[in-house]
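Colleague: Heads up, the sequence shown is in the numbering used here, so the first residue is 12 and it goes up one at a time.
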Amino acid sequence: MPLKTEFDNLAGEVIARCHKLSSFSEDAHSTRRTFLSPPMRDVHREITPWLEPLGTPVTVDAIGNLRAIYPANQSHANEPAAPRLLIGSHLDTVPNAGAYDGILGVVLAVALLQQLHGRRLPFAIEVVGFSEEEGVRFRLPFLGSRALVGRLDASTLETCDPQGISIRSAIEVFGLNPQEIPQARLTDEVFAYLEFHIEQGPLLEKLNLPLAVVDSIAGQTRLELRFLGRSNHAGTTPMDLRFDAMAGAAEWIVAVEQHAKHTPGLVATVGSVQTIPGAGNVIAGEAVLTLDVRHQNDNIRTCAVDDMIHLARQIAQRRGLLLNSIPHLNQSAVPMDSFLCGQIEAAIRRTGCAPHRMSSGAGHDAMVMAEKVPSAMIFLRTPGGVSHDPAETVLVDDVAKAIECGMHLLDQLASSPDFFRKHAEEKN
Ligand code: HGY
Ligand code: MN
Ligand code: MN
12 MPLKTEFDNL AGEVIARCHK LSSFSEDAHS TRRTFLSPPM RDVHREITPW
62 LEPLGTPVTV DAIGNLRAIY PANQSHANEP AAPRLLIGSH LDTVPNAGAY
112 DGILGVVLAV ALLQQLHGRR LPFAIEVVGF SEEEGVRFRL PFLGSRALVG
162 RLDASTLETC DPQGISIRSA IEVFGLNPQE IPQARLTDEV FAYLEFHIEQ
212 GPLLEKLNLP LAVVDSIAGQ TRLELRFLGR SNHAGTTPMD LRFDAMAGAA
262 EWIVAVEQHA KHTPGLVATV GSVQTIPGAG NVIAGEAVLT LDVRHQNDNI
312 RTCAVDDMIH LARQIAQRRG LLLNSIPHLN QSAVPMDSFL CGQIEAAIRR
362 TGCAPHRMSS GAGHDAMVMA EKVPSAMIFL RTPGGVSHDP AETVLVDDVA
412 KAIECGMHLL DQLASSPDFF RKHAEEKN
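(1) Give me the Cα-Cα distance between Arg312 and Gln85, rounded to the nearest whole angstrom.
(2) Starting from the Cα of His208, find the closest Cα among Asp376, Pro68, Glu415 and Glu17 and give me that residue.
(3) Check Asp172 in the structure and name its three-state DSSP category.
(4) Drop a sphere of 10 angstroms on the beta-carbon of Ala22, count the other beta-carbons inside from all chains shown, and report buried for 16 or more, exposed for fewer.
(5) Do you know offhand how far Arg392's Cα is from Gln307's?
(6) Assign Ala165 to buried or exposed, taking buried as 16 or more other Cβ atoms, counted over all protein chains shown, within 10 Å of its Cβ.
(7) Taking the beta strand (DSSP E) that Glu262 belongs to, which residues open and close that run?
(8) Quick one: Cα of Met347 to Cα of Ile98, how far?
(9) Taking the alpha carbon of His128 as the reference point, which residue from Ser100, Leu65, Pro173 and Glu137 has its own alpha carbon closest?
(10) Please list, in chain order, all residues of the same chain as Asp237 whose beta carbon is under 6 Å from its beta carbon, the five residues on each side excluded.
(11) If we call anything under 8 Å between Cβ atoms a contact, is Ala203 one with Pro133?
(12) If you drop the 5 nearest sequence neighbours on each side, which residues of the same chain put their C-beta closer than 8 Å to that of Leu220?
(13) Along the chain, where does the alpha helix (DSSP H) that runs through Ser156 open and close?
(14) Bridge partners of Gly99, per DSSP?
(15) Tell me the start and end of each unbroken beta strand (DSSP E) in the region 187-216 that is at least 3 residues and wholly inside, in chain order.
(16) Taking the beta carbon of His30 as the centre, do at least 16 other beta carbons fall within 10 Å, making it buried, or is it exposed?
(17) What would DSSP say about Glu356, mapped onto helix, strand or coil?
(18) Do you know how far the Cα of Ala402 is from the Cα of Leu56?
(19) Between Pro394, Met250 and Ile74, which lies nearest to Glu183 when the distance is taken from Cα to Cα?
(20) Examine the Cβ distances between the region 229-246 and the region 356-363 and report whether three or more of them are shorter than 8 Å.
(21) Helix, strand or coil for Ala298 per DSSP?
(22) Residues around ligand 1, please: the ones whose beta-carbon is closer than 5 Å to some heavy atom of it, in chain order.
(23) How many whole angstroms separate the CB atoms of Leu420 and Phe431, which I take to be in contact at a CB cut-off of 8 Å?
(24) Do Leu222 and Asp409 come within 8 Å of each other at the CB atom, strictly closer than that value?
(25) What are the start and end residues of the beta strand (DSSP E) that includes Asn341?
(26) Should Leu226 be counted as a contact of ligand 3 given a C-beta to heavy atom distance under 7 Å?
(27) Just checking Leu105 against ligand 2 - is the residue's beta carbon closer than 7 Å to any of the ligand's heavy atoms?
(28) Is the separation between the beta-carbon of Leu277 and that of Val304 shorter than 8 Å?
(29) For Phe185, list the residues DSSP reports as bridge partners.
(30) Can you list every residue whose CB sits closer than 5 Å to some heavy atom of ligand 3, going in chain order?
(31) For the region 381-395 against the region 242-253, are there 3 or more C-beta pairs whose distance is under 8 Å?
(32) Less than 8 Å between the C-beta atoms of Met378 and Gln342, yes or no?
(33) Express the C-alpha separation of Gly109 and Leu214 in angstroms, rounding to a whole number.
(34) The alpha helix (DSSP H) spanning Gly116 covers which residue range?
(35) According to the Cβ coordinates, are Val160 and Ala79 closer than 8 Å?
(36) What are the partner residues of Tyr81, as DSSP defines its beta bridges?
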């Protein structure tokens, strides 16, 4: 293994690149980069010259994913298509984002190719930068990875953002062709997907560990819930004659929090509330809320969601309000591939660190990719445990460890022909 300083130098470059990419934003003073927004093109343009000198041509597929293949060694030149390992994460962000969620996984994938210094492996490596994982613009997450696993149907493309622009037209406006989305699908030679990602939580810092093996990803429900009452004058309407949608929503939000606090392992979040008409001197006639519920066990999660909707119905009935709920996502919990988890554990050990296995409370593209190919994740410590916020950060030593771990992992997979060949053979 190269001198530690080489990993440190490269780790410093990775961090600087993440910061540069975070400057590509829809907002002047914070980072927000949603599906196929103009700054996404700047990200593609910034990453491309990092890859092309490595003999890795860059393309953008029809859903806006950045794709770049580092070829396999010559012994596979005569093969129709060498086995291929995907390494990547997402390029989009939440509003007021940090500089590492998603993008670090793409920049680390590039760093591994750099660290190979032209060495070719018995498999190709494809760097993937997914166009949409957070689901901010259309309230539909994983659009990029869903295209790779063939789970993006025509009706989904008609989903509109708050400005009434459909996914289909957003693709066309970006200069891509929605008809070509099927060509974005994974091909048979892809045998695995790896994703480096920040933990986005407090655990690794508490354990004082730089890296972890992610062995499962929590399932998540995302839905929109509307309380419908009656707008009226704030000054003339007596309290007992009100149908106040905001008050109903407020009562429900506290009830959701209490329910989650009393359900071990469950997290539930009402992340946004919009009221109509939204004026200070008008009783809210309508309150539109989002609900995000996560748990490692799908049954516990879905029962909790049912309970929370039942609570909303009771509150609405008691207050003379109407209620409707619109599901956006019902994503099952996903185990990561056991062979890959074992390999990651061994690779972390070879960096001199104790390998810790943990589940992820955050959703990731790996949970979609796992539908089609063996997938696994490596977490990096998140100092302060803060994410989805500009305070999100990483330690340069941890990034250096992640690069070192990645290089061990590539060497280990390169000496596991039964693994990188098996998947392709199973498909044929
Ligand atoms: O919300 C999540 O779980 C992830 O950050 N997309
Ligand atoms: Mn995120
Ligand atoms: Mn993420």
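Note that the Cβ used here is the ideal one computed from N, Cα and C, for glycine as well.
Treat the numbers as computed from the prediction; the structure is a model and nothing was measured.
Modeller: The answer reads as follows:
(1) 49 Å
(2) Asp376
(3) coil
(4) buried
(5) 21 Å
(6) exposed
(7) Unbroken run through Glu262 is the alpha helix (DSSP H), Ala256 to Lys272; no beta strand (DSSP E).
(8) 15 Å
(9) Leu65
(10) Reading the sequence as shown, one finds Arg at residue 237 and not Asp. If we look at Arg237 and ignore the five residues flanking it on each side, its Cβ neighbours are Val299 and Asn335.
(11) no
(12) Cys364, Ala365, His367 and Arg392
(13) Leu154 to Leu159
(14) Val139
(15) 201-209
(16) exposed
(17) helix
(18) Correcting the residue type first, residue 56 is Arg in the shown sequence and not Leu. Those two C-alpha atoms are separated by around 26 Å.
(19) Ile74
(20) no
(21) strand
(22) Glu145, Ala373 and Gly374
(23) Rounded, the Cβ-Cβ distance is 12 Å, inconsistent with contact.
(24) yes
(25) Leu333 to Gln342
(26) Looking at the sequence provided, one finds Asp at residue 226 rather than Leu. Not under cutoff, so the answer is no.
(27) Going by the sequence as given, residue 105 is Val instead of Leu. Flag set: Cβ of Val105 near ligand 2.
(28) yes
(29) According to DSSP, Phe185 bridges with nothing at all.
(30) Asp112 and Gly113
(31) no
(32) yes
(33) 19 Å
(34) Ile114 to Leu127
(35) no
(36) Ile136
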